[in-house]
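Engineer: If you're matching them up, the sequences are chains A and B in order. According to our numbering, the first sequence is numbered sequentially starting from 2. According to our numbering, the second sequence is numbered sequentially starting from 434. This is the structure I want to talk about, given as structure tokens.
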Amino acid sequence: MVADAVVKLDGLTIRYGKLTAVEDLSLEVAKGGVYALLGRNGSGKSSTVRCVLGQQRPTAGRSRILGFDSWKGRQRAMERVGVVPENPDVPPETTADRIERFMSRVTPFWRSANYFGRLEKFRVPRKQRFSRLSKGQQRQLSLALALAGSPRLLVLDDPTLGLDAVARRKLYEELVGELADRGTTVFLTTHDLTGIEGIADQVGVLKEGTLLVNEPLEVLKARYCRLLWTATEDVSRQRIEAGLQHLGVVKSGANEAVVEKFSEFGFDRFRQEAPVDVTRIDSLSLEEIFIVLCGEERGGRT
Amino acid sequence: MNATMAVMAREFVARREVVLVAVAAVVIATAMPFMPGLGNYQPDDVRTVSSNTLAVALGWGLALLFGATVIGGDLSEGRFGFYFARPVSGLAVWWGRVLAALLLILVCETIVLLPSLLGNATVLVSSHEWVWPAVIACLVMPFLLLLLSHAISIMVRARTAWLFLDLAGFVVLVVVAWLSVRPLLMMVAEIAVYVIAGALIAALAIALSIAGWVGVAVGRVDVPRTHSALSLALWGTLAVCLAGIAFYSSWLRNFGPKDFDKVEVLTVAPDGRWVEAFGQARNRLDVRRRCLISTADNLWIPVPGPWGGYPMDVIYSVDGSTALWRGAGGSDEPRTLWWADLGRRDPSAQPTNLVVAMDALLALSAGGERLAILEDGTLSIYELEDERLLTAVRLPEGFDRVTPLFPSEETLRLFVRVGHGEGQSLLIVDVVASSGEIVPTGKIKGLGDKLLLMVDGGLQHMVVWTRSEDGLASDRNIYDANDGSFIRKLTTSGFPRFLHDGRLVIVSEDDDGGLSLVVESVEGRDRMAHSIAGASEPTLSGEAVPNGVVVARLEDPSDRSQGLRIDLLDVDSGELRNVGRHLRRAFPWAPWQYGTAGAVFWFRDQPASSRLFLDQTGALMRWNPETGGLAHVVGGAK
């Protein structure tokens, strides 16, 4: 249990008729942390985000943000929550200036200077209709809206969708800078695994609505690695397979294997069982881990 | 409130381009007088009509458009999360958007109405009759259409199984609305119909407003959930409102004589015991209940109605034992005949299997056993009790203005106007009930086009009053009602009435202007005159007791609200006995009320009717000849 959890999901279940989008999801996001919820398309990420933001009522379970029930206390909670949605939902006919007038009337902690400063920094035109802005500018405007009120929680639903590699990188770099200064908690979903690898503290992976992984990124990355060895003739394949069981083998080939429970103790047991000559132990990138977790061939041979 | 205003301001600005449409419309309205074909009309009138029409059309059109898109559009396009990611309540989102749409509609309507407003400024300032129609057309209807369009838009966009509830709810709404309004329409309760219709519209507006808000607040960004929340709130609210309206409509209609405060007597049974009356009760708007009321006890029978134009719909047998009337229905629909055996201890309305048109002529025999129906030139005579057809005969050509009366159970007498103009004649024809044989018994020629026929209680004599085309000259002749033979010309001025014993009584003006009551036999013998000099505007009512007629005079000629002084005049002795003061006659004597359209006007004296009065509080009072006192029947201030 996380003390001062900014986001807390408890047994969250979301169903659409007979289809279960999210099943018994429980997780907590610590204050000041960056939580990345990952998953393939249709895994239930956006439904989860909608429940977290109080835009959708879960079928079962609870969602709390900033101490408020997401559904019942949405209005209060949103005073200190910034949101960047998956698809920009700023009214297309409006301009940055006009939207500022609206936001300043409904958001108690709104800081116009923050907003305009950010627009200026990223050269987002203030008099142009939102629909005529480039995708990058739309994202920056959405982010400016989300950050102008100095939120305690920032929710980003796939914020880099549609952005090119440079824009993605800039967005994350900029975000890290902002958040480091403010100590804002971030809850995000993304398909840009490389981009968030440097900023996420904690990672959750959803597969078909079920949370497969929920742990600090460093721990996750330490668990997953690829072993490469040189086999000798007197070590049978059966012994190698038996030895790999101590490391939680995910995939294995003739001279390599991906394991998900790597530890010193487990490695010693593997070596005792299968005295092969291990030439390399490679750590996996988040993307590779994600593919291992969510790919179709889990448990197969490489 | 601040959030609502912020949403409203944002939405108003977002859709402000529609004002350009209003500007285009005002240009069209201004240019309309120059359009081909409109040169014959006053330019101001054309501009006024054009701008009014365009303003209403634009207002309603925008209401439908905004209703369909203002929330449903953003919701289905996934942009509704913008508001719900901000600290804005569902209430603020809903009302902010609705008010913005409404404000835009009003702005557009005002722009289009400018030519009309400027051209009619003086009229608009001096008269306020336009205010309510304008509010309804330019504000209420757009508001309703906006809400309705929004609800339908959400239903169509979501297309969930809740549509079945929506369809079922719509059917229930229409049925309940119709069942609540129709009886009041049938009762010609105009104000009540407006109130119930207004309540239904208000209920619809309230339910749609609540449903829209709940849909937004509960559904948030989820279209199917918005639909389910909207449908549940809409039909739930409407169910409560409709139940209330249906109950109120039922309460308005269902009251009995004991609730009456104002009473209006329509017909009186010949024996005076039963009367057909309209009653109005306190707090029931203009709903009038029509019923048969026994003046002797607390019995009453509801009778459907009223409906316009046929106030004398209940007919009685001469002995007062049977009443017959047409059932409820549309103005042109055939009606089921109902009857009541008034002689029973607990009389009740009985439907028959007989259905007649509203213009069919009906007659009951003296004892109420037989019923004659004259419809489309066919005369049918039935036994009323078992509805057995005794005879049905096709009447000869030209028998289209007929008054049927039963001189006996076995015979039906027809008084028939034939011919047109000055050459018009009155035929007297008897129809034998058992055989259907038509027996002509008399003919009176040269009566002219305007005639009034008054028959005595025994169908023995009649006074035929004919008037010239210009109505200035008139003749009153007495005939035998059996064979039409001429008896004499009535020389005494005034309108005559038959007494129970067959004599005639007339309030007549003397040569010197004085008034007297003249009594004489049909043949003109045994003439007596009793002066009623000094009486202001005396009028003669019926024969309340044998040889005693009711004379009514104004209490105060300068103040008619003081009512009438009612006296009973002994026609033999000329003695006056006071019946009561500050009264009104419950059953105004007006012969034309007893006629049937297109037929002979006729009147059979109903002496008992002259015993009924209304007091100053509107209560129906019955004069008791035995005690000489007035007894309260129904109504009046409690």
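For every residue, glycine included, the Cβ atom is placed at its ideal position computed from N, Cα and C.
Using 9 Å as the limit for Cβ to Cβ distance, is B:Gly511 near chain A?
Structural biologist: Taking Cβ atoms only, chain A reaches closer than 9 Å to B:Gly511, which makes this a yes.
Engineer: Show which residues of chain B have a CB atom less than 7 Å away from the CB atom of A:Asn88.
Structural biologist: The contacting residues are Gly511.
Engineer: When the Cβ atoms of the region 505-514 of chain B are set against those of the region 580-594 of chain B, are three or more pairs found closer than 8 Å?
Structural biologist: Result yes; three or more Cβ-Cβ pairs closer than 8 Å.
Engineer: Report yes or no: do three or more beta-carbon pairs, one from the region 68-80 of chain A and one from the region 664-683 of chain B, lie closer than 8 Å?
Structural biologist: No, the region 68-80 of chain A does not touch the region 664-683 of chain B.
Engineer: Just grab the DSSP bridge partners of B:Glu387 for me.
Structural biologist: Outside the modelled stretch of chain B, which goes from 434 to 1071, sits residue 387 of chain B, for which no answer is possible.
Engineer: Mapping the DSSP letters down to three states, classify A:Gln56 as helix, strand or coil.
Structural biologist: Coil.
Engineer: Which residue from B:His1065, B:Trp1056, B:Thr1050, B:Ala1064 puts its Cα closest to that of B:Lys695?
Structural biologist: With distances taken between Cα atoms, B:Lys695 lies closest to B:Thr1050.
Engineer: Quick one: give me the first and last residue of the beta strand (DSSP E) that B:Arg930 is part of.
Structural biologist: Start and end: 929-931.
Engineer: Check each candidate in A:Leu294, A:Ile241, A:Phe117 and name the one with the smallest Cα separation from A:Val277.
Structural biologist: If we check each option's Cα against that of A:Val277, A:Ile241 comes out closest.
Engineer: Secondary structure at B:Gly996, three-state DSSP: helix, strand or coil?
Structural biologist: In the structure shown, B:Gly996 sits in coil (DSSP, three-state: anything other than H, G, I, E or B).
Engineer: Between the Cα of A:Leu162 and the Cα atoms of A:Val30, A:Gly196, A:Leu287, A:Ile15, which residue gives the shortest distance?
Structural biologist: If we check each option's Cα against that of A:Leu162, A:Gly196 comes out closest.
Engineer: DSSP three-state label for B:Asn915, please.
Structural biologist: B:Asn915 falls in the coil class under three-state DSSP.
Engineer: Residues of the region 640-670 of chain B with a CB closer than 7 Å to any CB of chain A: list them in chain order, please.
Structural biologist: Listed in sequence order: Arg653, Val654, Asp655.
Engineer: Cutting at 8 Å between CB atoms, please list the residues of its own chain near B:Val654, excluding the five before and the five after it.
Structural biologist: If we look at B:Val654 and ignore the five residues flanking it on each side, its Cβ neighbours are Leu508, Gly511, Phe513, Gly514, Phe517.
Engineer: What are the residues that DSSP puts in a beta bridge with B:Cys724?
Structural biologist: DSSP output for B:Cys724 lists B:Ala710, B:Pro735 as bridge partner(s).
Engineer: Under 8 Å, with one C-beta from each stretch per pair, do the region 440-450 of chain B and the region 255-265 of chain A reach the 3-pair mark?
Structural biologist: In short, these stretches do not touch, since the Cβ pair count stays below three.
Engineer: Pull up the distance between the alpha-carbon of B:Asp730 and that of B:Pro979, whole angstroms please.
Structural biologist: About 24 Å.
Engineer: For B:Thr700, which option in B:Thr728, B:Ser682, B:Gly1061, B:Arg715 has the closest C-alpha, if you only look at C-alpha atoms?
Structural biologist: Here the closest residue by C-alpha is B:Thr728.
Engineer: Are the region 203-216 of chain A and the region 288-295 of chain A touching by the rule of at least three beta carbon pairs closer than 8 Å?
Structural biologist: Verdict: yes, contact present.
Engineer: Sorted by chain position, which residues of the same chain lie with C-beta nearer than 6 Å to B:Leu847's C-beta, five sequence neighbours on each side aside?
Structural biologist: Once the five neighbours on either side are set aside, the close Cβ partners of B:Leu847 are Val835, Pro837, Val862.
Engineer: Should A:Ile282 go down as buried or exposed, given a rule of 16 or more other Cβ atoms within 10 Å for buried?
Structural biologist: It is exposed - the Cβ of A:Ile282 has fewer than 16 other Cβ atoms within 10 Å.
Engineer: Along the region 496-524 of chain B, what residues have a CB closer than 7 Å to any CB found in chain A?
Structural biologist: Of all residues in the region 496-524 of chain B, Gly511, Arg512, Gly514, Phe515, Phe517, Ala518, Arg519, Pro520, Val521, Ser522 have a Cβ within less than 7 Å of some Cβ in chain A.
Engineer: Can you name the residues of chain A whose CB is closer than 7 Å to the CB of B:Ala462?
Structural biologist: Per Cβ cutoff of 7 Å: no residues; B:Ala462 is ~28 Å from chain A at best.
Engineer: Rounded to a whole number of angstroms, what is the C-alpha to C-alpha distance between B:Val1033 and B:Leu641?
Structural biologist: Note that B:Val1033 has pLDDT 48, beneath the 50 cutoff, so the model's placement of it is unreliable and the number below is only indicative. Between B:Val1033 and B:Leu641, the C-alpha separation is close to 57 Å.
Engineer: From what residue to what residue does the alpha helix (DSSP H) around A:Ile290 run?
Structural biologist: Counting along the chain, the alpha helix (DSSP H) containing A:Ile290 begins and ends at 287-295.
Engineer: Tell me the rounded alpha-carbon separation between B:Asp913 and B:Ile920.
Structural biologist: For B:Asp913 and B:Ile920, the distance between alpha carbons rounds to 7 Å.
Engineer: To which residues of the same chain is A:Val82 closer than 6 Å at the C-beta, ignoring the five residues directly before and after it?
Structural biologist: Within the same chain, A:Val82 has close Cβ partners Pro152, Leu154.
Engineer: Bridge partners of B:Cys571, per DSSP?
Structural biologist: Answer is none; B:Cys571 lacks a bridge partner.
Engineer: So what does DSSP say about A:Leu72, is it helix, strand or coil?
Structural biologist: Looking at the sequence itself, residue 72 of chain A is Trp, so the reference to Leu does not match. Reduced to three states, the DSSP call for A:Trp72 is coil.
Engineer: Is it the case that the region 889-901 of chain B contacts the region 935-945 of chain B, given that we only count it when at least three CB pairs across the two stretches are under 8 Å?
Structural biologist: Contact between the region 935-945 of chain B and the region 889-901 of chain B is present, because at least three Cβ pairs lie under 8 Å.
Engineer: Tell me whether the region 536-546 of chain B and the region 450-465 of chain B touch, counting them as touching only if at least three CB pairs, one residue from each stretch, are closer than 8 Å.
Structural biologist: The region 536-546 of chain B is in contact with the region 450-465 of chain B.
Engineer: What does the Cβ neighbour count give for B:Ala584, buried or exposed, with the cut at 16 atoms within 10 Å?
Structural biologist: Per the 10 Å Cβ criterion, buried.
Engineer: Run down chain B in chain order and give the residues with a C-beta less than 8 Å from the C-beta of A:Glu80.
Structural biologist: Within 8 Å Cβ-Cβ: Pro520.
Engineer: Between B:Val626, B:Phe597, B:Glu953, which lies nearest to B:Ala610 when the distance is taken from Cα to Cα?
Structural biologist: Selected option, being the one with the closest Cα: B:Val626.
Engineer: First and last residue of the beta strand (DSSP E) that includes B:Gln783?
Structural biologist: Start and end: 783-789.
Engineer: Confirm, please, whether the CB-CB distance from B:Arg768 to B:Val788 is below 9 Å.
Structural biologist: Cβ atoms of B:Val788 and B:Arg768: closer than 9 Å.
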